[in-house]
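Undergrad: Residue numbers (my numbering), protein chains in the order written: chain A, 499 to 701; chain B, 499 to 701; chain C, 648 to 862; chain D, 648 to 862.
All C-beta atoms in this analysis are idealised placements derived from N, C-alpha and C, irrespective of residue type, glycine included.
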Amino acid sequence: MIGGFGTAGMPAELIDALIEQGATALTIISNNAGNAETGLAALLKAKRVRKIVCSFPRQSDSWVFDGLYRAGEIALELVPQGTLAERIRAAGAGIGAFFTPTGYGTQLAEGKETRIIDGRPHLLEFALPADVALIKAHRADRWGNLVYRKAARNFGPIMATAARCTIAQVSSIVDLGALDPETIVTPGIFVHRVVIAAGAATS
Amino acid sequence: MIGGFGTAGMPAELIDALIEQGATALTIISNNAGNAETGLAALLKAKRVRKIVCSFPRQSDSWVFDGLYRAGEIALELVPQGTLAERIRAAGAGIGAFFTPTGYGTQLAEGKETRIIDGRPHLLEFALPADVALIKAHRADRWGNLVYRKAARNFGPIMATAARCTIAQVSSIVDLGALDPETIVTPGIFVHRVVIAAGAATS
Amino acid sequence: MTRWTRDEMASRVARDIPEGAYVNLGIGLPTLVANHFSKDREVILHSENGILGVGPSPAVGTEDPDLINASKEPVTLVKGAAFFHHADSFGMMRGGHLDVCVLGAFQVSVAGDLANWHTGQLDAIPAVGGAMDLASGAKQVFVMMEHLTRNGESKIVERCTYPLTCAACVNRIYTDLAVMNVTSEGLEVIDMCSGVSLDELKRVSGTSRMFGRAG
Amino acid sequence: MTRWTRDEMASRVARDIPEGAYVNLGIGLPTLVANHFSKDREVILHSENGILGVGPSPAVGTEDPDLINASKEPVTLVKGAAFFHHADSFGMMRGGHLDVCVLGAFQVSVAGDLANWHTGQLDAIPAVGGAMDLASGAKQVFVMMEHLTRNGESKIVERCTYPLTCAACVNRIYTDLAVMNVTSEGLEVIDMCSGVSLDELKRVSGTSRMFGRAG
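#1: Mind pulling the chain A residues with CB within less than 7 Å of Asp616(B)?
#2: If the cut is a Cβ gap below 7 Å, which residues of chain D does Gly580(B) touch?
#3: Is the distance from the Cβ of Ala650(A) to the Cβ of Leu644(A) below 8 Å?
#4: With 8 Å set as the bound, which would you pick, yes or no: does the beta-carbon of Ala591(A) sit closer than that to a beta-carbon of chain D?
#5: What are the start and end residues of the alpha helix (DSSP H) that includes Val851(D)?
#6: Counting only C-beta atoms, is Lys726(D) closer than 8 Å to chain A at any point?
#7: Any idea if Pro665(D) is buried or exposed, counting beta-carbon neighbours within 10 angstroms, 16 or more meaning buried?
#8: Residues of chain C with CB under 9 Å from Tyr680(B), in chain order?
#9: Between the segment 617-645 of chain B and chain C, which residues of the former have a C-beta closer than 8 Å to a C-beta of the latter?
#10: Are the CB atoms of Leu516(A) and Leu541(A) nearer to each other than 8 Å?
#11: Does the segment 606-624 of chain B come into contact with the segment 680-694 of chain D, if we say contact requires no fewer than three beta-carbon pairs (one atom in each stretch) closer than 8 Å?
#12: Counting only the same chain and skipping the five closest in sequence on each side, list residues whose C-beta sits under 6 Å from that of Gly686(B).
#13: Can you name the start and end residues of the beta strand (DSSP E) that Val693(A) belongs to?
#14: Tell me the residue span of the alpha helix (DSSP H) that contains Asp735(C).
#15: Please list the terminal residues of the continuous alpha helix (DSSP H) segment that includes Ser756(C).
#16: Please tell me whether Pro655(A) has its Cβ less than 8 Å away from any Cβ of chain B.
#17: Just the C-alpha distance for His765(C) and Gly673(C), rounded to the nearest angstrom, thanks.
#18: List the residues of chain E whose Cβ lies closer than 7 Å to the Cβ of Ile772(C), in chain order.
#19: Run down chain C in chain order and give the residues with a C-beta less than 7 Å from the C-beta of Gln667(A).
#20: Please confirm whether Phe503(B) has its beta-carbon closer than 8 Å to some beta-carbon of chain A.
#21: For chain A, is any of its Cβ atoms less than 8 Å away from the one on Gly702(D)?
#22: By a C-beta neighbour count over all protein chains shown, 10 Å radius and 16 as the cutoff for buried, is Thr598(B) buried or exposed?
#23: Out of Ala658(B), Ile586(B) and Leu606(B), point me to the one whose CA is closest to Glu575(B)'s CA.
#24: What number of angstroms, rounded off, separates the C-alpha of Ala699(B) from the C-alpha of Gly654(B)?
#25: According to a CB-to-CB cut-off of less than 9 Å, which residues of the segment 669-681 of chain D neighbour chain A?
#26: Output the boundary residues of the alpha helix (DSSP H) element that contains Glu835(D).
#27: Excluding sequence positions up to five away, which residues of its chain have a Cβ less than 7 Å from the Cβ of Thr812(D)?
#28: Is the beta carbon of Gln754(C) sitting closer than 8 Å to the one on Val804(C)?
#29: By Cβ distance, which residues of its chain are closer than 6 Å to Leu724(C), with the 5 residues on each side in sequence left out?
#30: Just the Cα atoms here: how many angstroms apart are Glu535(B) and Thr600(A)?
#31: Return yes when the Cβ of His733(C) is within less than 8 Å of the Cβ of Gly697(C), no when it is not.
#32: Output the boundary residues of the alpha helix (DSSP H) element that contains Gly588(D).
#33: Give the residues from the segment 697-722 of chain C that approach chain B closer than 9 Å (Cβ to any Cβ), ordered along the chain.
#34: Please tell me whether Met499(B) has its Cβ less than 8 Å away from any Cβ of chain D.
#35: Assign Asp654(C) to one of two classes, buried (16 or more other C-beta atoms within 10 Å of its C-beta) or exposed (fewer than that).
#36: Might you give, ordered along the chain, the residues of its own chain that have their beta carbon closer than 7 Å to the beta carbon of Ser658(D), omitting 5 neighbours on each side?
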């Protein structure tokens, strides 16, 4: 599971570390399928990924994914963006499956269980957990409490809840108590490792 | 739908206004069933409530509810607290129903559909929407963006999403832009009316 | 045949969106609508990557890579804006809280079926993003598109040949030739570009399920 | 028969909760555990009404009605605390993120079935609160209770006669007589109050499905 929407919130340094670490035959859950040659695109280019679960692989600069997909070297599970987000949240919140109206009657509903609820047709969608989540946040404390920066928040808070091991890269670690309890977005209970990636601060 | 956990976050002034307004034969969704003689308890005492959906009616000071229940003058739908919260959230998020492990194999599962997901038995629970939500927050702006105060947050943010008309009582209304976009808990899209109830500030 | 320009179309859509509405403008043509809201009308823009209160494009040199819209273009905030995560953002969409979404389309059927995510070509890489969530979730779905493809084929069809985004979800269609409401009897034409007749519109659209406003 | 005091029980539970654990202490007896954590052990307390990082009771006169725990008693925060809403709080519980919850009980069966929400009496007003969520969601469920009722009946039973909170969810039981792990073979007694024998424990518990620690 890799956070980010395009490059906002993408944990580039953690992905670089994953490339260095060498794990292979990965299944990646992420909204996009990489941009240009860095981050997730670099992981794809290194042929470490067997399958990607995402909502929007095709972008103007997704040529690495495009090439692998056309060559049949990567599997794709295409999920509507809101269903992707909700399946990730469900995994974190102990919900086994849910009924959603999104996608009913479309190609993406093929093979899925349907049910009319309150007069409206729904599809059954299942929780989508991960072994590891790599996310990017703004600041952390020693308990792993996190706050994010602007729209880089996107998938971070829900992915943090849905993985057995969540690793967050942040711009800085502050003293315990320095983050206002009212404004913490991801409580530390969901975060297992915090890494400072100074170069990762986007501004 | 009435916010609050015990008296923290209970919109006492809005409930008083509802008593004055006169609506009757109400179905109330709230975590508890009133404390002492004020707020929700006063609404019950005025015989305005036909049914209550809650997780924890019995409290040391819930004598108004206790009396009505024993006299058969109020219906009770008892829901585990997390299932109550999740059903409310589902209503706000357009999820028709979901499978949860909570309550499986208990009295509260009677008559409910079950399914094994990933080896674990689950119950099917349906979204719980409302016509009106009365909630209490700390501060609002003119768009209805809300922040809460400490553990008075509880059911407010999810109830706000699940009603056709959400009315929030707050201690103060601040200028648009005075609430930090990073720390707004309930975006104004979910709030239809804001009422200042100065006496309602709990400290 | 005279046609409305893209800005004329956008201006017309903007005029039809009421004060105080929460609105999502889809990728492409619909983004133009943002430039056409009257100064005295407050419309609050949603971006599915977790923003309510999206403002205009930033001045050159002040872009922030963490502040982008769903098209991944840099944006700013207006006063009153809020950030939230993806599950909350799509809960907002799916839960029917957005008043209007304006979407581009490949095809719209006279029954309001929308096809806007996939041309169905075998070598195309499919990408759905938030299109299905928006189409099935907003209180009103407006489509904004050219009436004809570059090859002169009508994008208004009796029945979509491209894969559906959502069945029977479109409420109103804005093209460079006309504005039409989707009704159970077919498309009610409520406005046409000057010089275009209803008969001509039916002819280029290849459908008879189109009628003028009653009364 | 000698018995551990409530504070001795609480102290024993506190000793068994590891450094860094996220813990929910249920209403009643389990709340005592909070007073017994060693100063050099950092344990983070969860309250289901939306707090992580619950601290000790406030000094008299400094109570804040908006800062209460699940028992609706005033509390304080420790540094690092965070607030969140009810759906997030119960997502945390249901999603298996809490390391330990400590619950009171009416009855626990030798199979680890828990009954702690309802005595099943006809005139009782049922109230479930978060009991079922905690019991089915935490990684480890500890029960803390007196071994016998006031009438001398065992609260450890072969089969619960009260309505269940959750089947087969309890991992360990702390009573005033013994500490027991729930295993597939029955209750493994890992500690007993001094002067209590395994035979005596079986006798008062009315079950033979109880055994001493191997080796």
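TA: Walking through what the data contain:
#1: Ordered by position in chain A, the residues that pass the 7 Å Cβ test against Asp616(B) are Gly594.
#2: Neighbours of Gly580(B) in chain D, taken as residues whose beta carbon is under 7 Å from its own, are Phe737, Met740, Arg741, Gly777 and Asp780 in chain order.
#3: No, the Cβ-Cβ distance between Ala650(A) and Leu644(A) is not below 8 Å.
#4: For Ala591(A), the answer is yes, since a Cβ of chain D falls inside 8 Å of its Cβ.
#5: It spans Leu845 to Ser852 - the alpha helix (DSSP H) in which Val851(D) sits, taken as one unbroken run.
#6: At least one chain A Cβ lies under 8 Å of Lys726(D).
#7: Within 10 angstroms of the beta-carbon of Pro665(D) lie fewer than 16 other beta-carbons, which makes it exposed.
#8: Note on residue identity: the sequence assigns Glu, not Tyr, to residue 680(B). Near Glu680(B) (Cβ distances below 9 Å), the residues of chain C are Ala729 and Phe730.
#9: Considering only beta carbons, the part of the segment 617-645 of chain B lying closer than 8 Å to chain C consists of Asp639, Arg640, Trp641 and Asn643, in chain order.
#10: Result yes, Cβ atoms of Leu516(A) and Leu541(A) sit closer than 8 Å.
#11: Taking 8 Å as the limit for Cβ pairs, the verdict is that the segment 680-694 of chain D does not touch the segment 606-624 of chain B.
#12: Setting aside the 5 residues that flank it on each side, Gly686(B) is surrounded in the same chain by Trp641, Gly642 and Asn643, each with a C-beta closer than 6 Å to its C-beta; the list follows chain order.
#13: Taken as a continuous stretch (DSSP letters only), the beta strand (DSSP E) holding Val693(A) covers Arg691 to Ile694.
#14: According to the DSSP assignment, Asp735(C) belongs to the alpha helix (DSSP H) that extends over His733 to Arg741.
#15: Per DSSP, Ser756(C) lies in no alpha helix (DSSP H); the unbroken beta strand (DSSP E) holding it starts and ends at Gln754 to Ser756.
#16: With 8 Å as the cut-off, Pro655(A) does not count as an interface residue toward chain B.
#17: About 15 Å.
#18: Among the chains of the structure shown, chain E does not appear; the protein chains present are A, B, C and D.
#19: Proximity of chain C to Gln667(A) at the Cβ level (cut-off 7 Å) is not reached, the minimal Cβ distance being about 14 Å.
#20: No - not a single Cβ of chain A is within 8 Å of the one on Phe503(B).
#21: So no, Gly702(D) is outside the interface.
#22: The residue is buried, with at least 16 neighbouring Cβ atoms inside 10 Å.
#23: Nearest C-alpha to Glu575(B) among Ala658(B), Ile586(B) and Leu606(B): Leu606(B).
#24: Confidence at Ala699(B) is low in this model, with a pLDDT of 44, below 50, so its placement is unreliable and the value that follows should be read with caution. Cα to Cα, the separation comes out at about 15 Å.
#25: Listed by position, the residues of the segment 669-681 of chain D near chain A (Cβ gap below 9 Å) are Tyr669.
#26: Looking at the DSSP string, Glu835(D) is not in any alpha helix (DSSP H); the run it does join, the beta strand (DSSP E), is Gly833 to Met839.
#27: Cβ within range, chain order: Leu761, Ala762, Asn763, Trp764, Ala778, Met779 and Ala782.
#28: For Gln754(C) and Val804(C), yes; Cβs fall inside 8 Å.
#29: Taking Leu724(C) as the centre and dropping the five residues before and after it, the same chain places the C-beta of Gly700 and Gly702 closer than 6 Å to its C-beta, in chain order.
#30: Their backbone Cα atoms lie some 45 Å apart in a straight line.
#31: In contact: Gly697(C) and His733(C) (Cβ atoms closer than 8 Å).
#32: Here chain D has residues from 648 to 862 only, and residue 588(D) is not among them.
#33: Under the 9 Å Cβ criterion, the segment 697-722 of chain C contributes Ile698, Leu699 and Gly700.
#34: It does not; no Cβ of chain D falls within 8 Å.
#35: The residue is exposed, with fewer than 16 neighbouring Cβ atoms inside 10 Å.
#36: Short of 7 Å from the beta carbon of Ser658(D), and not among the five residues preceding or following it, lie these beta carbons of its own chain, in chain order: His683.
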